[in-house]
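Heads up, the sequence shown is in our numbering, so the first residue is 1 and it goes up one at a time. We put the CB at the ideal spot given by N, CA and C, even for glycine. I have placed the structure first, in the form of structure tokens, so that the comments after it can refer back to it.
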Amino acid sequence: MSTNPIGVAVPTVLLPKASIDPATWAVIACDQFTSEPEYWEQVERIVDDKPSTFRIILPELYLTAPDVEQRIAACQAAMKQYLAEDVFEEHDAFVYVERQVGSGTQQGLIVALDLETYDYNKGSQTLVRATEGTVLDRLPPRMKVRRGADLESPHILVLYDDPEGTVLKPVHAQLDRLPVAYDFDTMLDSGHLTGRLIEDPALQATILDALAGLISPEAYRAKYDLPNDAPLLFAMGDGNHSLATAKAIWTELKEQGAPDDHPARYALVELVNLHDPSLIFEPIHRVIFECGDLVEQLEATFTDATYAQASDINELNAEVRLPVAPKQRFGMVTPDGYTLVELNHPTHELAVGSLQDFLDRFLSDHPTAEIDYVHGEEPVDRLARRRGNCGFILPAIGKDTFFKSIAVDGSFPRKTFSMGHAKDKRFYLECRRISQ
């Protein structure tokens, strides 16, 4: 694969041959249903003895299982078996993917991403950056799975900021002429998948030019009012720890003398436009248990904030979601009622950053207090109304501030947003060889 300044290459994609049923070949991302072994047991029953990506991935549910080493060995043996048995057909192509999800049809582009353009560490200035902090302790068990593997199959979603839709516009114009690689219903009610091959070098070049255009000096300043001396082109959506694992393994291989053109230098990912209508960011709220004098501490910290009462959780949530930039809002729920907090001089690009800074300091000073990260307003209302607790309602992150916030502040505070429901997550289907 030839590299280029934006770190995107055309991969040699391995797809199951037409004789293999894609509905049993494709399984959901390994980091889903980690508390529901019955889901993965059902997958195993459906797959049975048929060829399947289930045999070459390790559901994260089993990362700490007593037999994890045997499971990893079985995954890597299955990879060798599939390569030896000629299960795949090869295509030097991008893959245009349409995936039905609960909120519509999500459009993506399967590419190879140069890991030299990605750094998961805090303060990274690379083209590809993490959206949330990478927990380094989570990498070693995942590295065991990738180390020595012959194949990769991605559940990684990488976002790009293209409000005008320039990257996929030429794809849409030629859609009827693109060969269909797969078209099927996924298992266990996770929607429909359609993939089309982009094998034409001219169309591939047009796509690469459009991606590069997103970080031209003019475009970058127009979108973010920032110079493009250290531009941000891609931000992680799903699978940050998987991409970080790929990067860590590539670093290992380099230290062992691997050549620059080693296939493990790249990772297969799906690029998705931040502005895809199906992509909905939901906020993740906070509940503090044993909160003590938290309210007093908050008021002492945000001295120039404006405080207003709301009648119930619905009114509070509606007020929090109103755009008030450059000010910021979040809601506070206590046994005494509902309070809208408006920060007149915020310290971060996002309300969650301004609040989390305070909460981190508070939790450090109050070892008996505990925090939980909660999806949905109703659980916050229920938990925070109990004596001794306090909850915070946060706004959803705006697509117009998403990339600029990362460019200015770095990765988001942990648990800033969620992206879709478990059943809507990416399925493993396309593979790529990562061994020589």
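### Message
Helix, strand or coil for V167? Go by DSSP, reduced to three states.
### Response
coil
### Task
Only counting runs of 3 or more residues, tell me where the beta strand (DSSP E) segments fall wholly within the region 98 to 181, in order along the chain.
104 to 114 and 157 to 160
### Message
Here's the rule: buried if 16 or more other CB atoms are within 10 angstroms of the residue's CB, otherwise exposed. What is C391?
### Response
Here the sequence assigns Gly to residue 391, which means Cys is not the residue at that position. That one is buried.
### Task
Report, in whole angstroms, the separation of the C-beta atoms of T206 and A23, which I expect to be a contact under 8 Å.
Contact doesn't hold; Cβ gap of about 33 Å is too wide.
### Task
Closer than 6 Å by C-beta to I434: which residues in its own chain qualify, once you throw out the five before and the five after it? Chain order, please.
E152, P263 and A264
### Chain-order list of residues whose beta-carbon lies under 6 Å from that of H91 (same chain, five-residue window excluded)
V13 and L197
### Query
Helix or strand or just coil, what does DSSP make of A310?
strand
### Task
Could you spell out where the alpha helix (DSSP H) holding C431 opens and where it closes?
No alpha helix (DSSP H) contains C431, which DSSP labels as neither H nor E.
### Extent of the continuous alpha helix (DSSP H) to which H241 belongs
N240 to E255
### Task
Would you mind giving the Cβ-Cβ distance between G195 and Y62, rounded to the nearest angstrom? I have them listed as a contact below 8 Å.
That pair is no contact at about 28 Å.
### Task
Under 7 Å Cβ to Cβ from K415, same chain only, skipping five residues before and after it: list those, please.
I284 and Y373
#### Entry: Spatial distance of V324 from D424 (CA atoms)
32 Å
### Query
P11 bridges to which residues according to DSSP?
Note: P11 sits in no beta bridge, so no partner.
### Message
Let me check understanding here. Comparing Cα to Cα, which of R329, A244 and V341 lies closest to T131?
### Response
A244
### Helix, strand or coil at A267 [DSSP, three-state]
strand
### Message
As a quick exercise: from V111, Q297, F358 and V167, pick the residue whose alpha carbon is nearest that of P413.
### Response
F358
### Message
To the nearest angstrom, how far is the alpha carbon of G257 from that of K247?
### Response
15 Å
### Task
Output the distance between the C-alpha atoms of L268 and L322, rounded to the nearest integer angstrom.
38 Å
### Message
So, under 8 Å CB-CB, L168 and Q107 are touching, yes? Tell me the CB distance rounded to an integer number of Å.
### Response
6 Å
### Query
In this structure, does DSSP put A65 in helix, strand or coil?
coil
#### Entry: Local conformation of I288 per DSSP, three classes
strand
#### Entry: Reduced DSSP category for V95 - H, G, I as helix; E, B as strand; rest coil
strand
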